[in-house]
Amino acid sequence: MVLQKTFLFIFSLIISFFLHIYLIPATESTTFINENGKQIFVDNCSQCHKLKNLQKKDNSLNKITNIVINGKQEMPPFKNILTKKEINQVANYVFQKP
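Right, here's the structure in full:
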């Protein structure tokens, strides 16, 4: 019985450590990307686009990123306007926004 309680205690410590190290920073970094992506969208895209019109089921993250980089139809390319990091942030924002 004591061995079982000791095992459960050690196991819970390991799980807590894993959650703290791996999950909490990922959540914070995702929030940071979404906030930066939102601001980039507002500054560069919202004049012509509404977010809900960009979110189609067939738009993958890769497709959205390529459109931001190269443009599409009347939309100009942003490869010389935004940094690679900013392109990734705004593409992630559009892709992940519910």
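The numbers in my numbering rise by one with no breaks, and the one at position 30 of the sequence shown is 31. Glycine residues also receive a C-beta, built at the ideal position from the N, C-alpha and C atoms.
Problem - Length of the line joining the Cα atoms of Thr7 and Ile15 - result: 12 angstroms
Exercise for the section: Kindly identify the DSSP beta-bridge partner or partners of Lys39. Expected result: Paired residue(s): none; Lys39 is not in a bridge.
Exercise for the section: Confirm, please, whether the CB-CB distance from Ala92 to Leu52 is below 8 angstroms. Expected result: no
Exercise for the section: Give a yes or no on whether 8 angstroms exceeds the smallest Cβ distance from Leu52 to chain D. Expected result: Absent from the structure is chain D; it holds one protein chain and no more.
Practice task
Could you check what DSSP says for Lys6 in three-state terms: helix, strand or coil?
Solution key: helix
Problem - Alpha carbon of Glu87 to alpha carbon of Phe42, nearest angstrom - result: Computed Cα separation, rounded: 10 angstroms.
Handout entry: Span of the alpha helix (DSSP H) around Phe96
Key = Lys85 to Gln97
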